[in-house]
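Below is one structure, written out as structure tokens; the observations come after it.
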Amino acid sequence: MAGKEGFVKGLSNIGYLQVTENGSNKVYCGSNQEWFTTEHQRLTGCGPSVAANILFYLGKKKIKNFYGGSKYDLLKVMEEAWRYVTPAENGIPSTDIFCTKLKRYLDVQGGSYDFFVLNIPPDKSGRPALHEVIQFIVRGLQEDTPIAFLNLDNGEEQDLEPWHWVTIAVVHFSEREDTAWIDICDAGIVKRIDLKLWLETTVQGGGLVYLLHA
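If you use this note's numbering, the sequence shown closes out at 449, no skipped numbers anywhere.
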């Protein structure tokens, strides 16, 4: 879709990622690793939290009330994801590890999915161009699946945490694809990130993952 700021592509219903606080009207967008019960989970749980966001969204897309709509409902999916998408002491520092663990979980659940990955290497000379990253994100969102984004180093983008997984829900980009912003779900809120700034200044890189039902 084109608008005053260029083009926008997002999930068809971001409401599927929204959950309410039990006993109040507070609304969160996606999971927050701080909801986990143990300190270790809270410190290292961004990977399983993002996995839970993806599964929660895809489940809701298939059956609207599949998981329910409360923070507690999403936390149950987070705890289930933790059993398989379990971080090591250094978290889940690569897309390969994330995909291997998530595939194991999906195999147990009886679901068959194809994984699509775009890695952003530390070496700037080997990185995909901005337009390639934009098109990868657009393809995933066109398929109406949240995109897992691993940021190992946030560079000059101050609204990203280093060594951290987040969930991409929307991408905004110019007609020439020389500027882009992404709306991410992180810690239960939506943040807008300058994708070009991150890609140009991150030292360690990261990667993107989405999955489609096979």
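By construction, the Cβ of each residue, glycine as well, lies at the ideal position given by its N, Cα and C atoms. Quantities reported herein were computed from a predicted structural model and do not represent experimental measurements.
Give the range of the beta strand (DSSP E) segment to which residue i is assigned.
i, result
"L446", "G441 to H448"
"D349", "Y348 to I355"
"K244", "G241 to G245"
What separation, rounded to the nearest whole angstrom, lies between the Cα atoms of residue i and residue j?
i, j, result
"Y302", "Y263", "15 Å"
"G241", "A422", "28 Å"
"R362", "R427", "22 Å"
"M313", "Y307", "10 Å"
"L353", "D413", "18 Å"
"V254", "G304", "5 Å"
"V343", "H399", "26 Å"
"L309", "V438", "33 Å"
"G258", "W270", "16 Å"
"K296", "Y251", "7 Å"
"L434", "N389", "9 Å"
"R411", "L278", "39 Å"
"N325", "G346", "28 Å"
"G280", "S409", "34 Å"
Ignore the nearest five residues each way along the sequence and tell me which others in residue i's own chain have a CB closer than 6 Å to its CB.
i, result
"I327", "G282 and F333"
"I289", "P381"
"S266", "S284, A287, N288, L309 and M313"
"F350", "C334 and L446"
"G294", "F301 and Y302"
Beta-carbon separation of residue i and residue j under 7 Å?
i, j, result
"V285", "T380", "no"
"V406", "I372", "yes"
"I382", "L447", "no"
"K431", "L365", "yes"
"A415", "I369", "yes"
"Y292", "G375", "no"
"L395", "G440", "no"
"E378", "D429", "no"
"A404", "L246", "yes"
So if DSSP puts residue i in a beta bridge, which residue, or which two residues, is it bridged to?
i, result
"V262", "T255"
"D429", "W416"
"N386", "H399 and G441"
"S305", "T255"
"A323", "G326"
"V405", "G245 and D418"
Only counting the same chain, and skipping five residues up and downstream in sequence, which positions put a Cβ closer than 8 Å to that of residue i?
i, result
"S360", "none"
Between residue i and the rest of its own chain, which residues show a CB-CB distance below 7 Å, the 5 nearest in sequence each way excluded?
i, result
"K275", "Reading the sequence as shown, one finds His at residue 275 and not Lys. The answer is none, since no qualifying residue turns up."
"Y348", "L341, L446, L447, H448 and A449"
Got a sec: does the ligand MN put a non-hydrogen atom nearer than 6 Å to the Cβ of residue i?
i, result
"G265", "Looking for the ligand MN in the displayed structure turns up nothing, as the structure carries no ligands at all."
Please list the terminal residues of the continuous alpha helix (DSSP H) segment that includes residue i.
i, result
"A287", "C281 to K297"
"E367", "L365 to Q377"
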